Amino acid sequence: MSQATKIFSQVIKEGRKALLEPEAKAICTDYGIPVTKFKVASNEKEAATFADEIGYPIVLKIVSQDIIHKSEAGGVLINLKNGSEVGAGYLKIIENAKRYKPEAKIAGVLVQEMAPQSTEVIVGAIKDPQFGQTVMFGLGGIFVELLKDVNFRIAPLTSEDAKEMITDLKAYPLLNGFRNSPPADIGALAAILCSTSRLVMEHPEIKELDLNPVMAYQKGAKTVDARIILE
Ligand code: ADP
Ligand code: MG
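Under the working numbering, the first residue of the sequence shown carries the number 1, and numbering increases by one thereafter.
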């Protein structure tokens, strides 16, 4: 059984609909979608040990089935530079989560590699009642929320479809070396779209998927947040 199948059946067995970020990222890894290195810590000492292994700077995030929007809950701390910042950060995140939602069930704190800043893109998928699994691509922030500059394609995608979804965006020049910014690795982004298509086709129980954001680099790309919701 694949790692992805195992995780999905465990989540269903526990009666959950939303996967935790580490679960969603493990599934991404199974499908060849690049994600930040991570480990789940259950105390401050463990968090610091994992941070030493992963390397600094570090990002910490709350892992809770009851907290979907982590930053809203004070559940994301970025740019922690050493073990003592990570230890203190661990306690801060737990405290914030408890204040935000006292009844929240906390599974631990995710210790992860901090991805260098770059152009942020969004990869999504939704199961459309009429068309079935559909993949989405757009640029992060205002481009999706305000300008609605996103492209959808019904899965399965060919690599041609995936490339078009990127190059057809109005904001495409921003990915293609606008002014002083270096061009993004379109091939790497298209590969993530194709892998996402394969994932949702092979797992029709996925209702929604959100890789938001994915950092687009000159060479490669990296998913820093992943959400998967089941039917
Ligand atoms: P939320 O549940 O609030 O969407 P995210 O995991 O997306 O939480 O974190 C919020 C923001 O923090 C992201 O949009 C990104 O800008 C930044 N961020 C999160 N994780 C990382 C990381 N590993 N490396 C760099 N930036 C990160
Ligand atoms: Mg996010």
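Using N, Cα and C, we set each Cβ at its ideal position, and we do this for glycine too.
Note that the structure is predicted; figures quoted are calculated from it, not measured.
In three-state DSSP terms, what is residue i?
i      : result
Ser84  : helix
Thr29  : helix
Ala104 : coil
Arg227 : strand
Asn96  : helix
Leu20  : coil
Leu77  : strand
Gly132 : strand
Ile67  : coil
Gly138 : strand
Glu14  : coil
Pro171 : What sits at residue 171 in the sequence shown is Ala, not Pro. Coil.
Lys219 : coil
Ala51  : helix
Ala41  : strand
Tell me whether residue i counts as near ligand 1, meaning its Cβ is closer than 7 Å to at least one heavy atom of that ligand.
i      : result
Gln65  : no
His69  : yes
Ile78  : yes
Ala115 : yes
Glu85  : no
Val59  : yes
Glu145 : no
Glu231 : no
Thr36  : yes
Glu53  : no
Glu23  : no
Glu72  : yes
Gln112 : yes
What are the boundary residues of the alpha helix (DSSP H) that residue i is part of?
i      : result
Arg179 : Segment: none, Arg179 is in no alpha helix (DSSP H) and carries neither H nor E.
Glu120 : From DSSP, Glu120 is part of no alpha helix (DSSP H) but of the beta strand (DSSP E) over 119-128.
Lys148 : Per DSSP, Lys148 belongs to no alpha helix (DSSP H) and is neither H nor E.
Thr158 : Unbroken run through Thr158: none, as it is neither H nor E.
Met201 : 186-202
By the DSSP assignment, the beta strand (DSSP E) with residue i in it spans what residues?
i      : result
Val35  : No beta strand (DSSP E) holds Val35; DSSP gives it neither H nor E.
Asp210 : 206-216
Kindly provide the chain-ordered list of residues whose Cβ lies closer than 5 Å to any non-hydrogen atom of ligand 2.
Asn212, Asp225
Can we say the stretch 3-19 touches the stretch 74-82, given the rule of at least three CB pairs closer than 8 Å?
no
Sufficient close CB pairs (3 or more, under 8 Å) joining the stretch 159-169 to the stretch 87-102
no
So does the stretch 201-208 actually touch the stretch 39-54, counting three or more Cβ pairs closer than 8 Å?
no
On the three-pair Cβ rule with 8 Å, is the stretch 190-197 touching the stretch 121-139?
yes
Does the pairing of the stretch 28-40 with the stretch 108-115 give three or more beta-carbon distances under 8 Å?
yes
Three or more C-beta pairs under 8 Å: does that hold for the stretch 69-78 against the stretch 119-126?
no
Closer than 8 Å is the cut-off here; do at least three beta carbon pairs connect the stretch 180-192 with the stretch 144-164?
In the pairwise beta carbon analysis, the stretch 180-192 is classified as touching the stretch 144-164: at least three pairs are separated by under 8 Å.
Three or more beta-carbon pairs under 8 Å between the stretch 96-109 and the stretch 59-67, yes or no?
yes
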